[in-house]
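Notes follow once the structure below has been shown.
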Amino acid sequence: MRIANCFGWQYGLLRSKNSKDIIYLPESEIQQLSPQESEEEILTEIDEHLNQVAMLQAQLGILHSPQVKNNLAWQNLLERSRNPVILSL
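At position 82 of the sequence shown (counting the first as 1) the number is 83 in this note's numbering, and the numbers step up by one without a gap.
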C-alpha cells in the first residue's frame, strides 16, 4: 500500500505474509531489492508452493488408495460429507 502525504510517500507493509499487522514506513526507509534479489525471493516462494502442492497431491494419493477406499470408517466419513446435516434452530 502506498500513501501520499505532505512529507512524501509512505508505504504500508505486512510484517510477514501471514500477518494482518500493517506497519507504515516513509519512502526514505524503503530499500528496493535488486533484480537478482527479487528473482531469488520469487523463485524461493514458487518452490515453497510447489512443495506444498506435492505434499497435497501425496495426501490425495493416500486418500484415494484402495486400502483407504475400502475402509468402512472412511466410507462413512465420505457419505456424511456428501449428505450434510442441516440443523434448524
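Think of the CB as a built atom: it goes at the ideal place given N, C-alpha and C, for glycine as much as any other residue.
A quick note: this is a predicted structure, and the numbers were derived from the prediction, not measured.
- The beta carbon of Glu42 is closer than 8 Å to those of Leu34 in its chain, skipping five residues each way along the sequence.
- Distances from the alpha-carbon of Ile31 to those of Gly13, Leu44, Glu40 and Ser17 put Gly13 closest.
- Of Gly62, Gly9, Leu73 and Glu80, the smallest CA-CA separation from Ser29 is found for Gly9.
- Ile23 and Gln11 have their C-alpha atoms roughly 12 Å apart.
- Restricted to the stretch 10–86, the beta strand (DSSP E) segments that are unbroken, complete and at least 3 residues in length are 23–27, listed in chain order.
- Excluding residues up to 5 positions away in sequence, nothing lies with its Cβ nearer than 7 Å to the Cβ of Val54 in the same chain.
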